[in-house]
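**Q**
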Amino acid sequence: MPAPAQTSRAPARPNASDLLVWYDRHRRVLPWRALPDERPDPYRVWLSEVMLQQTTIAAVKPYFSKFLDLFPDVAALAAAPEERVMSAWAGLGYYSRARNLHACAKAVAAAGGTFPDTEEGLRKLPGIGAYTAGAIAAIAFDRPAAAVDGNVERVMTRLFAIETPLPAARPEIRALTLDLVPHDRPGDFAQAVMDLGATICTPKRPACALCPWMTPCRARAEGLQEAFPRKIKKDKGVLRKGAAFVVVRAGDEAILLRTRPPEGLLGAMAEPPTSAWTPDYDPAKGLLDAPLDARWKRLPGIVKHVFTHFPLELTVFSARVAAGTAAPAGLRFTARAGLEAEPLPGVMKKVLAHALDVKAMPAAASKAETPADLATPHEREPPPRRAPIPKPPRSRPSELARIVKKPPKATRKT
DNA sequence: AAGTCGTGGGG
DNA sequence: TCCCCAAGACT
683 MPAPAQTSRA
693 PARPNASDLL
703 VWYDRHRRVL
713 PWRALPDERP
723 DPYRVWLSEV
733 MLQQTTIAAV
743 KPYFSKFLDL
753 FPDVAALAAA
763 PEERVMSAWA
773 GLGYYSRARN
783 LHACAKAVAA
793 AGGTFPDTEE
803 GLRKLPGIGA
813 YTAGAIAAIA
823 FDRPAAAVDG
833 NVERVMTRLF
843 AIETPLPAAR
853 PEIRALTLDL
863 VPHDRPGDFA
873 QAVMDLGATI
883 CTPKRPACAL
893 CPWMTPCRAR
903 AEGLQEAFPR
913 KIKKDKGVLR
923 KGAAFVVVRA
933 GDEAILLRTR
943 PPEGLLGAMA
953 EPPTSAWTPD
963 YDPAKGLLDA
973 PLDARWKRLP
983 GIVKHVFTHF
993 PLELTVFSAR
1003 VAAGTAAPAG
1013 LRFTARAGLE
1023 AEPLPGVMKK
1033 VLAHALDVKA
1043 MPAAASKAET
1053 PADLATPHER
1063 EPPPRRAPIP
1073 KPPRSRPSEL
1083 ARIVKKPPKA
1093 TRKT
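Put into structure tokens, the structure is as follows:
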């Protein structure tokens, strides 16, 4: 008697072949991805993988294109001044990635200009962690490495109905993934799992009927596909408040800026001077933190921004100072034409746009009620007021604001 | 090892 | 509106 065949209730183990057949038909076309008959370029693979860390494809596309223009290869990137790299990255977020990218380029250039072709070698470079090392090793060098990102975590936790919540389940996921990697097409496999996660095995309403792994999927068998991965939700953080000070100098219309410390939040990025950001900040006392003496105006409205671990509200004060005014120590005036070369993060572009908009449209600003109370609050304590706070004049983009506007988003969908 | 680190889009 | 999440790394 032959050994008993597995019953129809015991789903077959998922295999790479089924996924690769699907991939050959449905693979996405992406700017950094080699076509089936092309050899991947390690520089482009690396650059795209770093940009894609916690970042959507749509957001990355214009930056990837810009970086290839500005820095066509590792040597060019390594030779570039730090500030140029930070400016090119401005708006993409997680700015330590840009600093590490630059450091990594220098290390690679110093070592002869070629990337390590193993996971272990790649892992030693700045900005390359477990995922990125595996991805580059597999995609650029066809090494049988696991590249476990958020997509793969979702696919694997569903496929095997892993009850352990993230991130504790990572070692288990990694082992299961590595076990599935085929030795003939590891690079395609890595990209195939990610494509599957991005287009079929989506966080909400996954298209199981179209999935090449529907049959072996344990979560699907129970109808629980949307319940995986198990995850512990993290809190949003406490609201912090502060003031930002936008100084415009008459004559050249230059703006007062400074550079933030090289590490930490928005490290090495530029900003108009601000107060400290604290939960109990009092905007009525905002001018205590002003960078210089001037006729400050407190602008109506508030700039809101949400970081990963806390929301922020900035009250904006603005002032015009006389032509020829010198910048205080540690600060600089940057002319309007030089503004785009400044590494201004998104939140600070919001602040400048807000200040320049309001300034450019006194009619709109004065339409907000009680402008007198909003201006120069340090001169007297405004009386208690029952009237509703005027909404920020959600201004249409002015000529001035356009200068500090972020690059256009990608419009093409794939 | 849990906290830190941006930003934008979609449901 | 709010919440989730997106090709995570570093400390």
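Take 683 as the starting number for the first sequence in our numbering and just add one per residue. Heads up, the beta-carbon is just placed ideally off N, CA and C, and yes, glycines get one too. These figures come from a predicted structure and were not determined experimentally.
On the CB-based measure, 16 or more other CB atoms within 10 Å of its CB, does K918 come out buried or exposed?
**A** exposed
**Q** Can you name, in chain order, every residue of its own chain whose Cβ lies under 8 Å from the Cβ of P973, other than the five neighbours on each side?
**A** F927, V929, L938, P955, P1010 and L1013
**Q** Under the three-state reduction of DSSP, which class applies to A936: helix, strand or coil?
**A** strand
**Q** Beta-carbon within less than 7 Å of L1101's beta-carbon, same chain only, minus the 5 sequence neighbours each way: which residues are those?
**A** No answer is possible for residue 1101: the residues shown for the chain start at 683 and end at 1096.
**Q** Verify whether the separation of the beta carbon atoms of E953 and R1018 is less than 8 Å.
**A** no
**Q** Among the candidates E1024, R980 and V1003, whose CA atom is the shortest distance from the CA of H1036?
**A** R980
**Q** Measuring from the CB of L974, is there a heavy atom of the ligand ATP at a distance below 7 Å?
**A** Annotation note on the ligand ATP: not contained in the displayed structure, which lists no ligands.
**Q** Assuming the contact rule is C-beta atoms closer than 8 Å, P713 and K743 should be a hit. Round their C-beta distance to whole Å, please.
**A** 6 Å
**Q** Please name the residue, chosen from L921, M733, A1008 and R840, that lies closest to G933 on a Cα-to-Cα basis.
**A** A1008
**Q** Could I get the ranges of all uninterrupted beta strand (DSSP E) runs contained in the segment 933-989, with 3 residues as the minimum, in chain order?
**A** 936-941 and 985-988
**Q** Mind listing, in chain order, the continuous beta strand (DSSP E) runs of no fewer than 3 residues lying wholly within the segment 870-909?
**A** none
**Q** In angstroms, rounded to a whole number, what distance separates the CA positions of H784 and T881?
**A** 32 Å
**Q** Report yes if the CB atom of V875 is closer than 8 Å to the CB atom of I855, and no otherwise.
**A** no
**Q** Quick check on DSSP: helix, strand or coil for P993?
**A** strand
**Q** Where does the unbroken beta strand (DSSP E) through K806 begin, and where does it stop?
**A** First-last for K806: undefined, no H or E at that position.
**Q** Quick check on DSSP: helix, strand or coil for G1028?
**A** Shown here, G1028 sits in a helix according to DSSP, grouped into three states.
**Q** Can you tell me whether DSSP reads L921 as helix, strand or coil?
**A** coil
**Q** Please classify A857: does DSSP put it in a helix, a strand, or coil?
**A** helix
**Q** Counting only the same chain and skipping the five closest in sequence on each side, list residues whose C-beta sits under 7 Å from that of S769.
**A** A1023, E1024 and P1025
**Q** Indicate the three-state DSSP secondary structure (helix, strand or coil) for T738 in the structure shown.
**A** coil
**Q** Have a look at A976, G983, T990 and T997 and flag the residue whose alpha-carbon is nearest the alpha-carbon of S957.
**A** The shortest Cα separation from S957 among A976, G983, T990 and T997 belongs to T997.
**Q** Compute the distance between the beta-carbons of R825 and P868, then report whether it is under 8 Å.
**A** yes
**Q** Cβ atoms of A772 and M951: under 8 Å apart, would you say?
**A** yes
**Q** Nearest by alpha-carbon distance to V985: which of V1033, F992, H991 and R715 is it?
**A** Per the C-alpha coordinates, the member of V1033, F992, H991 and R715 positioned closest to V985 is V1033.
**Q** Compare the Cα-Cα distances from R779 to each of P944, D1039 and A966 and report the closest residue.
**A** P944
**Q** Along the beta strand (DSSP E) that carries F1015, what are the first and last residues, could you check?
**A** R1014 to T1016
**Q** Along the alpha helix (DSSP H) that carries D700, what are the first and last residues, could you check?
**A** Counting along the chain, the alpha helix (DSSP H) containing D700 begins and ends at A698 to H708.
**Q** For T737, collect the residues of the same chain with a Cβ closer than 8 Å to its Cβ; drop the 5 residues on either side in sequence, then sort them by chain order.
**A** L774, G775 and Y776
**Q** Using alpha carbons as the reference points, say which of A791, P864, A1005 and A812 lies closest to R852.
**A** When only C-alpha atoms are compared, the closest one is A812.
**Q** Quick one: measure Cβ to Cβ for Q873 and P888, integer angstroms, because I've assumed they're closer than 8 Å.
**A** Actually they are not in contact, since the Cβ atoms of Q873 and P888 sit about 19 Å apart, beyond 8 Å.
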